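Sequence positions in the sequence shown follow my numbering and run 2 to 609. The beta-carbon is built from N, C-alpha and C at its ideal position, and this holds for glycine as well. The model shown is predicted, which means the values in this text are computed figures rather than measured ones.
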Amino acid sequence: MKMTRDIALFFFSAILLVSCTRVPEMTDEEIDDAIVRVNTDALISRTTAKPWTGGSYIPGSVGGIWMETTLNDPKTFNQYIGERDGNSKALISQTIDYLFDYDATLREWTPRCAYYEIETDENAGTLTLHCTLRENMFWTYCDSDEKIPVTSDDVIFWYNEIAGDAAFQSSGYFQQFLTMQDGTERHIDIVKIDDRRFDFVFPRIVAEPLLAVNMDLCPSFIYRPAKEQGGIEGVKKLFNISHDPKTIPSMGRWYIAEYTPSQRIVLKRNPHYWNTDANGVTQPYPEQQIIQIVGDENTNYLLFKQGKVETYTPHPEEVDDVIARQSDGYTVFNAAGSLGATLWSFNQNPINNSKPFYHWFTQKEFRQAMSCLLNRDRIILQTYRGLAEPKYSFFPEANPYYNPEILLQYRYDIDRASKLLAACGMNLQDGALYDSNGNRVEYDLSVPSTSTIGNDIAQIIAYECAKVGVKVNVRQVDFQKIVESLTATYDWQSVMIGLGTALFPSQGSNVWPSSGNLHLWHPLQETPATEWEARIDYLYNEGNYTIDKDAAFKIWNEYQRILLEQCPVIYLVRSRSFFAIRNKWDLQNVYYDNLNGAKTEYVFLREQ
Numbered sequence: 002m003k004m005t006r007d008i009a010l011f012f013f014s015a016i017l018l019v020s021c022t023r024v025p026e027m028t029d030e031e032i033d034d035a036i037v038r039v040n041t042d043a044l045i046s047r048t049t050a051k052p053w054t055g056g057s058y059i060p061g062s063v064g065g066i067w068m069e070t071t072l073n074d075p076k077t078f079n080q081y082i083g084e085r086d087g088n089s090k091a092l093i094s095q096t097i098d099y100l101f102d103y104d105a106t107l108r109e110w111t112p113r114c115a116y117y118e119i120e121t122d123e124n125a126g127t128l129t130l131h132c133t134l135r136e137n138m139f140w141t142y143c144d145s146d147e148k149i150p151v152t153s154d155d156v157i158f159w160y161n162e163i164a165g166d167a168a169f170q171s172s173g174y175f176q177q178f179l180t181m182q183d184g185t186e187r188h189i190d191i192v193k194i195d196d197r198r199f200d201f202v203f204p205r206i207v208a209e210p211l212l213a214v215n216m217d218l219c220p221s222f223i224y225r226p227a228k229e230q231g232g233i234e235g236v237k238k239l240f241n242i243s244h245d246p247k248t249i250p251s252m253g254r255w256y257i258a259e260y261t262p263s264q265r266i267v268l269k270r271n272p273h274y275w276n277t278d279a280n281g282v283t284q285p286y287p288e289q290q291i292i293q294i295v296g297d298e299n300t301n302y303l304l305f306k307q308g309k310v311e312t313y314t315p316h317p318e319e320v321d322d323v324i325a326r327q328s329d330g331y332t333v334f335n336a337a338g339s340l341g342a343t344l345w346s347f348n349q350n351p352i353n354n355s356k357p358f359y360h361w362f363t364q365k366e367f368r369q370a371m372s373c374l375l376n377r378d379r380i381i382l383q384t385y386r387g388l389a390e391p392k393y394s395f396f397p398e399a400n401p402y403y404n405p406e407i408l409l410q411y412r413y414d415i416d417r418a419s420k421l422l423a424a425c426g427m428n429l430q431d432g433a434l435y436d437s438n439g440n441r442v443e444y445d446l447s448v449p450s451t452s453t454i455g456n457d458i459a460q461i462i463a464y465e466c467a468k469v470g471v472k473v474n475v476r477q478v479d480f481q482k483i484v485e486s487l488t489a490t491y492d493w494q495s496v497m498i499g500l501g502t503a504l505f506p507s508q509g510s511n512v513w514p515s516s517g518n519l520h521l522w523h524p525l526q527e528t529p530a531t532e533w534e535a536r537i538d539y540l541y542n543e544g545n546y547t548i549d550k551d552a553a554f555k556i557w558n559e560y561q562r563i564l565l566e567q568c569p570v571i572y573l574v575r576s577r578s579f580f581a582i583r584n585k586w587d588l589q590n591v592y593y594d595n596l597n598g599a600k601t602e603y604v605f606l607r608e609q
């Protein structure tokens, strides 16, 4: 599992799932009754629990075609531009690899493309991460014998010239800087030793140096000339979507062999990939991967039932049917509630200070009131069929600084919400809430247009808010427009989105510090806008540099408490998930849990 400190926006429906039907509204009494009656044990007992517990994989054999689907076409084959588009990034990642691996189950780092050694100088207060690339790693091309060695230049160029160039606005830029004891910013430098060795030089000792610098490799022999000749625009012009994918080099598991817009993507196995099994056979085992571009979620399930795709993750309303059909030749695995959760946030950017909503959202009591209006029980029963649980913690359980005693205190409570709104100077008149200036308390809640279940949840929020006179207008918005609003125009009001799961507290260097470009509610602050954000900045910084575990616990405990008290983001629920895979594949190397997801990278065909 690749780990980096930053967290990027990911496609909303990956967490919310996409439902195909609306569930009839339930009264509060019906919800209370359903909570007593809902029992998922019967469903779970008919599925397989197989979480990853560490260890090795059994050797397999090469052969077969892996069939899967994607909803949307990629927008680019360009590694830099792909940072901003999830579908493109997922495809490009098949052709590249990264420096270090982190096993979240075992909580240990291991070498991936690079071996490493950590050297600290206590007297100087500095740290050096010595890295050595594996031997026999090559950039190769589909249907070609040409082999170009992977070198330290591939790491250094991207680190310095793409991620490290502020003009590129790369998601990796912010994690290259450390805040020193005197408050100044210092850069983590990279130094070339030779073609396989390089050092990351930290100006300060940090708790997780591998997390701070883990990164993908890139074919610098292509990207460097493009930048030298054309700058940013030269880099952007590389590998556009009309480019012949066979001319794109790979040092990863797959080649992109074919792309037919709106139809399919074909990947071919890279026989030169560095990772081999105990018998010396290179992974992956399937010869090809064919990805059908289907356009909508309904087609996914139809293709799976027809045996035309290998795996399927059912939506809540499909779980019964998917489990019941296992005699059709597949196995269903189950996993407990997901570690991540969709969140609800409010725009506090002063660019909107002439708008009434800005003055509501910047009041802690208003945000706390909205948290008290979030009826998670209704959401769980109406949209997840009971297959979820509330998300009250800030860190997930897998985070080493998760504290089960630190939980959100502003839970569903209509009376408390009313009192908090009154503390904001708001009053109820004829069923509608007004602020002290006479403005009707009304705002938009944006959800991605492709997510039916997201819209269902937003409608529940609107229904509950109406109980205290708050009018919430649910807006279904194109996902890319939401991203643009959050990162460029700042013209949104409230939003439901997902962020990656923070398995380390210092992940999210572009989200939680006030200077981050994805500090959702008010990004890119030159100085913290509030005292509590200044304190979060301080704690985030101190925690990142505190090696002593006991001292670090105190820091991260306060950090969690502040964020759960201030409610800049409000987490919703953790959904239980299921995963089906066809039995034509040997399932000995298949694992599924809420920490790692579906581990299928070592799957191979059963003996016929």
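Along the alpha helix (DSSP H) that carries residue i, what are the first and last residues, could you check?
i: R225; result: S221 to K237
i: I537; result: E532 to Y546
i: P210; result: P210 to V214
i: H360; result: P357 to F362
i: D322; result: V320 to A325
i: K247; result: Where K247 is concerned, there is no enclosing alpha helix (DSSP H), given that its DSSP letter is neither H nor E.
i: Q307; result: Q307 -> no alpha helix (DSSP H), and no H or E assigned at all.
i: C466; result: T453 to A467
i: Y560; result: K550 to Q567
i: F78; result: Taken as a continuous stretch (DSSP letters only), F78 belongs to no alpha helix (DSSP H), as it is neither H nor E.
Given residue i, which residues of its chain have a CB within under 8 Å of its CB, disregarding the five upstream and five downstream residues?
i: P351; result: Y359, H523 and A530
Excluding five sequence neighbours on each side, which residues of the same chain lie with their C-beta closer than 7 Å to the C-beta of residue i?
i: Q369; result: Y411, L421 and C568
i: I571; result: L344, W345, M371, S372 and L375
i: E543; result: I556
i: A389; result: G338, I381, V574, R575, S576 and R577
i: Y331; result: A581, I582, R583 and N584
i: P272; result: T283
i: Y435; result: M427, N428, R441 and V442
i: I59; result: Q589 and N590
i: D456; result: The sequence shown places Asn at residue 456, rather than the Asp named in the question. V448, V475 and Q477, listed in sequence order.
i: W53; result: T106, Y592, D594, N597 and K600
i: T22; result: The pLDDT assigned to T22 is 35, lower than 50, so where the model puts this residue is not dependable; a value taken from the coordinates is nonetheless given after this. Excluding sequence neighbours, T22 sits near E318.
i: S516; result: L525 and Q526
How many Å lie between residue i and residue j at the Cα?
i: P287; j: A325; result: 28 Å
i: S346; j: G509; result: 16 Å
i: I206; j: Y546; result: 6 Å
i: R38; j: T528; result: Confidence is the limiting factor: at R38 the pLDDT is only 48, short of 50, which leaves the residue's position unreliable and the question unanswerable from this model.
i: F367; j: W361; result: 6 Å
i: H244; j: F78; result: 8 Å
i: V24; j: V512; result: Only weak support exists for where V24 lies, its pLDDT of 41 falling under 50; the value from the coordinates is given anyway. Approximately 34 Å, taken between the alpha carbons.
i: R441; j: L382; result: 31 Å
i: Q526; j: L519; result: 11 Å
i: N241; j: K468; result: 50 Å
i: D594; j: S355; result: 47 Å
i: R607; j: N88; result: 30 Å
i: Y402; j: F554; result: 6 Å
i: K237; j: N73; result: 21 Å
i: A621; j: L521; result: No answer is possible for residue 621: it lies beyond the span of the chain, which begins at 2 and ends at 609.
i: I548; j: L218; result: 29 Å
i: Y103; j: T111; result: 6 Å
i: A336; j: V151; result: 38 Å
How far does the beta strand (DSSP E) with residue i in it extend, from its first residue to its last?
i: C373; result: Element bounds for C373: not the beta strand (DSSP E) but the alpha helix (DSSP H), K365 to C373.
i: W255; result: W255 to T261
i: K472; result: K472 to V478
Using a Cβ-Cβ cutoff of less than 6 Å, which residues in the same chain neighbour residue i once the five nearest sequence positions on both sides are dropped?
i: E259; result: V267
i: P514; result: D538 and Y541
i: A535; result: P529
i: V63; result: Y286
i: L409; result: Y393 and L565
Can you give the beta carbon distance from residue i to residue j, rounded, assuming they're within the 8 Å contact cut?
i: N276; j: Q284; result: 5 Å
i: Q477; j: V448; result: 6 Å
i: D144; j: K247; result: 7 Å
i: F305; j: N400; result: That belief does not hold up - the Cβ atoms of F305 and N400 are roughly 34 Å apart, past 8 Å.
i: K309; j: A342; result: Actually they do not touch by this definition, with Cβ atoms about 32 Å apart.
For the ligand SAM, is there any heavy atom lying closer than 7 Å to the beta carbon of residue i?
i: D183; result: The ligand SAM is absent from the structure shown, which contains no ligand whatsoever.
Quiz item: Would you say the region 153 to 165 touches the region 184 to 193, given that touching needs at least three Cβ pairs under 8 Å?
Solution: yes
Quiz item: So does the region 317 to 336 actually touch the region 463 to 471, counting three or more Cβ pairs closer than 8 Å?
Solution: Counting Cβ pairs under 8 Å, fewer than three are found: no touch.
Exercise. Kindly confirm or deny that the region 248 to 259 and the region 162 to 176 touch, where touching means at least three C-beta pairs closer than 8 Å.
Key: The region 248 to 259, when compared against the region 162 to 176, does not touch it at the 8 Å Cβ threshold.
Exercise. Could you say if the region 308 to 318 and the region 87 to 101 meet the contact criterion of at least three C-beta pairs nearer than 8 Å?
Key: no
Exercise. May I ask you to verify whether the region 592 to 606 touches the region 403 to 419, counting CB pairs closer than 8 Å and requiring at least 3?
Key: no
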